[in-house]
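S.K.:
Protein chains: 2
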Amino acid sequence: MSSTPSSHAGWLRIVGLGPGDGTLITPQVHASIADATDALGYFPYVERLQAEGHLSTHIRLHASDNREEIARARHALQLAASGARVLMLSSGDPGVFAMAAAVFEALDTAAEADKNTWLQVSIEVQPGITAMLAAAARLGAPLGHDFCAINLSDNLKPWPIIEQRLRLAAQADFAMAFYNPRSQSRPTGFMRTLDVLRECCEPQRLIAFARNTSRIDERLVVCTLAEATPEMADMRTLVIVGSSQTRRIGPHIYTPRSYPELPHSTP
Amino acid sequence: MSSTPSSHAGWLRIVGLGPGDGTLITPQVHASIADATDALGYFPYVERLQAEGHLSTHIRLHASDNREEIARARHALQLAASGARVLMLSSGDPGVFAMAAAVFEALDTAAEADKNTWLQVSIEVQPGITAMLAAAARLGAPLGHDFCAINLSDNLKPWPIIEQRLRLAAQADFAMAFYNPRSQSRPTGFMRTLDVLRECCEPQRLIAFARNTSRIDERLVVCTLAEATPEMADMRTLVIVGSSQTRRIGPHIYTPRSYPELPHSTP
Chain A
1 MSSTPSSHAG
11 WLRIVGLGPG
21 DGTLITPQVH
31 ASIADATDAL
41 GYFPYVERLQ
51 AEGHLSTHIR
61 LHASDNREEI
71 ARARHALQLA
81 ASGARVLMLS
91 SGDPGVFAMA
101 AAVFEALDTA
111 AEADKNTWLQ
121 VSIEVQPGIT
131 AMLAAAARLG
141 APLGHDFCAI
151 NLSDNLKPWP
161 IIEQRLRLAA
171 QADFAMAFYN
181 PRSQSRPTGF
191 MRTLDVLREC
201 CEPQRLIAFA
211 RNTSRIDERL
221 VVCTLAEATP
231 EMADMRTLVI
241 VGSSQTRRIG
251 PHIYTPRSYP
261 ELPHSTP
Chain B
1 MSSTPSSHAG
11 WLRIVGLGPG
21 DGTLITPQVH
31 ASIADATDAL
41 GYFPYVERLQ
51 AEGHLSTHIR
61 LHASDNREEI
71 ARARHALQLA
81 ASGARVLMLS
91 SGDPGVFAMA
101 AAVFEALDTA
111 AEADKNTWLQ
121 VSIEVQPGIT
131 AMLAAAARLG
141 APLGHDFCAI
151 NLSDNLKPWP
161 IIEQRLRLAA
171 QADFAMAFYN
181 PRSQSRPTGF
191 MRTLDVLREC
201 CEPQRLIAFA
211 RNTSRIDERL
221 VVCTLAEATP
231 EMADMRTLVI
241 VGSSQTRRIG
251 PHIYTPRSYP
261 ELPHSTP
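Sequence lines, in order, name chains A and B.
Residue numbers are given in the UniProt record's numbering: position 171 of the first sequence equals residue 171, and the series is strictly consecutive.
Residue numbers are given in the UniProt record's numbering: position 201 of the second sequence equals residue 201, and the series is strictly consecutive.
1) Just tell me which of A:G22, A:A135 and A:A81 has its CA closest to the CA of Q113 of chain A.
2) So, does the stretch 74–92 of chain A touch the stretch 105–123 of chain A, judging by three or more C-beta pairs under 8 Å?
3) Just curious, the alpha helix (DSSP H) that E69 of chain A is in, first and last residue?
4) Candidates B:T224, B:R67 and B:A39: which alpha carbon is nearest V15 of chain B's?
5) Which one of A:A31, A:M235, A:C223 and A:A177 has the shortest CA to CA distance from H54 of chain A?
6) Closer than 7 Å by beta-carbon distance: list the chain A residues that pair up with D108 of chain B, in chain order.
7) Would you mind working out which of B:E218, B:S244, B:F190 and B:T57 sits nearest F147 of chain B, comparing C-alpha positions?
8) Kindly list, in the order they appear in chain B, the residues whose Cβ is closer than 8 Å to that of D146 of chain A.
9) Which of the residues in the stretch 54–82 of chain B, read from start to end, lie with their CB under 9 Å from any CB of chain A?
10) What does DSSP give as the partner residue(s) for A208 of chain B in the beta ladder?
11) Between B:L61, B:G18, B:F97 and B:S153, which has its C-alpha nearest S91 of chain B's C-alpha?
12) Please decide whether E202 of chain A counts as near chain B, where near means a Cβ-Cβ distance under 9 Å.
13) Report the option in A:A100, A:M132 and A:R72 whose CA atom is closest to the CA atom of E137 of chain B.
14) Can you pull the chain B residues whose beta carbon is under 8 Å from the beta carbon of A259 of chain A, in chain order?
15) How many angstroms separate the CA atom of L49 of chain A from the CA atom of A34 of chain A?
16) Among B:A51, B:D108 and B:R192, which residue has its Cα nearest to the Cα of P251 of chain A?
17) Expressed to the nearest angstrom, what Euclidean distance is found between the alpha-carbon atoms of residue 272 of chain B and L168 of chain B?
18) Might you give, ordered along the chain, the residues of its own chain that have their beta carbon closer than 8 Å to the beta carbon of R205 of chain A, omitting 5 neighbours on each side?
19) Taking 9 Å as the threshold (beta carbon to beta carbon), is S209 of chain A in contact with chain B?
20) By the DSSP assignment, the alpha helix (DSSP H) with Y259 of chain A in it spans what residues?
21) On the three-pair Cβ rule with 8 Å, is the stretch 177–185 of chain A touching the stretch 188–196 of chain B?
22) Is there a Cβ of chain B sitting closer than 9 Å to that of A141 of chain A, yes or no?
23) Is the CB of G18 of chain A under 9 Å away from at least one CB in chain B?
24) Can you give me the C-alpha to C-alpha distance between E69 of chain A and A102 of chain A, rounded to a whole angstrom?
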């Protein structure tokens, strides 16, 4: 096998590396890593694969910063269109608040000449264990009934949208998983999130903070909404808020499969 | 290694087998399969592992029907408490409309004597690729922005709850993933679901039907809400409804990461 790309064999595979533990990377993704000529990604993901010895020595690495998703996606499409076998590395699952949507956005918004070329590229998304499922597994089964996933970052959407979704999700009595709850550049959003939840949910509602799930420094905290503070979350934390039915049993929390009655009148 | 259980080494691992393709089973789950003395599960899952050669010959198999989740969970807890190393097989991810919640329910509702014994058992949930993420990956990135997951079966919850959640999810402009959309014993629920969606969403809203994702007979259909019919779904279909922002690009559909403005006034 040569590492020189042939113009007919190019592809782009957007692969999910899971939450951190190497035993949670699927064999499908490992096979793609072994076949690729080029790997693009946020630099910690590239470094992680290198450190764990998953990357062959001839693979070309293109690490970049985490505010450069569209530029990275264009670069990947360009390389694949020229015949390279390109990996786009994503943590968790590429389709959940990660690189897959960015690649399709880059394709959709490309200049016409690029778009026509790039539409010929074989693009495949290879799923991974997303943070919310890894965290839920460690906690018990808090997402065992209907649930929603909300990205709490307001970098790409207005805050009122987030707040409206929180209120509607509480009214629907979904369990909720929050990605990107809090960062240094967004110190107040999660405080506002807790305020909204306290308006909509009872104080004993269970809330769980899963930091660095599956890694050596994993930290799991379960408490009530009344006990929760903004500082319990950061960018490495996945937050799960139970529904009104979520319960503790021993060290675990779970949401029963059955649901008793209407929590609110139909709006 | 002996297959005779020792009373100190018992465990219960609830493992996710993913959507069907063997290359989507994590190495973590494979390691548990190799270590187990007993495997319980819905009989097609047990048969699948046998057919694919993943089960050692000395493992004890306990296949059961799919309406017997709580009995199966009790049996698993009993075996593990007596020292067996027990696998509970689940398709997809065990935490999403699957066996993990049933095991914690069985523990929570057990008679006191059983509960005290069973609470000593090491219970671990090992995540897998759930149907919605496998389907989304094959379709593009329809779950690239905020989304929800709803089990459309009304076996364990009243239909009005489902209908209320559909309306609130549409108002929140979540993309939606539907599990168990339609079965022979529930022929009309998905028709009612489409009716509710047509009241809440525009006719051009994208809807996708992913049947037997990742298997040899996989079938993917994308159409508009106006074009969708109840017959497009069955129990082997995962349905994804886009948000108002979900778009087509070439053969793919995706939901952009950014969100422009409020779709509705705050309720």
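Glycine included, C-beta positions come from ideal geometry on N, C-alpha and C.
M.R.: Looking at the coordinates:
1) Residue identity check: residue 113 of chain A is Ala in the sequence provided, not Gln. Measuring from the Cα of A113 of chain A, the nearest candidate turns out to be A:A81.
2) By the Cβ test, the stretch 74–92 of chain A is in contact with the stretch 105–123 of chain A, since at least three Cβ pairs between them sit closer than 8 Å.
3) E69 to A81
4) Comparing Cα positions, the closest option is B:A39.
5) A:A31
6) R247 and I249
7) B:S244
8) What D146 of chain A touches in chain B: C148, A149, I150, N151 and R165.
9) Close to chain A, meaning a Cβ-Cβ distance shorter than 9 Å, are the following residues of the stretch 54–82 of chain B: E69.
10) B:V222 and B:I240
11) B:G18
12) no
13) The question names Glu, but residue 137 of chain B in the sequence shown is Ala. Comparing Cα positions, the closest option is A:A100.
14) A quick correction: the sequence has Tyr, not Ala, at residue 259 of chain A. Neighbours of Y259 of chain A on chain B, chain order: L156, K157, P158 and I161.
15) 12 Å
16) B:D108
17) Lying before the first or after the last residue shown, residue 272 of chain B is absent from chain B, which here runs from 1 to 267.
18) Counting only residues of its own chain and dropping the five nearest sequence neighbours on each side, R205 of chain A has a CB closer than 8 Å to the CB of L197, T224, L225, V241, G242, S244 and T246.
19) The amino acid at residue 209 of chain A is misidentified as Ser; the sequence shows Phe. Closer than 9 Å: no.
20) Looking at the DSSP string, Y259 of chain A is not in any alpha helix (DSSP H), and its letter there is neither H nor E.
21) no
22) yes
23) yes
24) 6 Å
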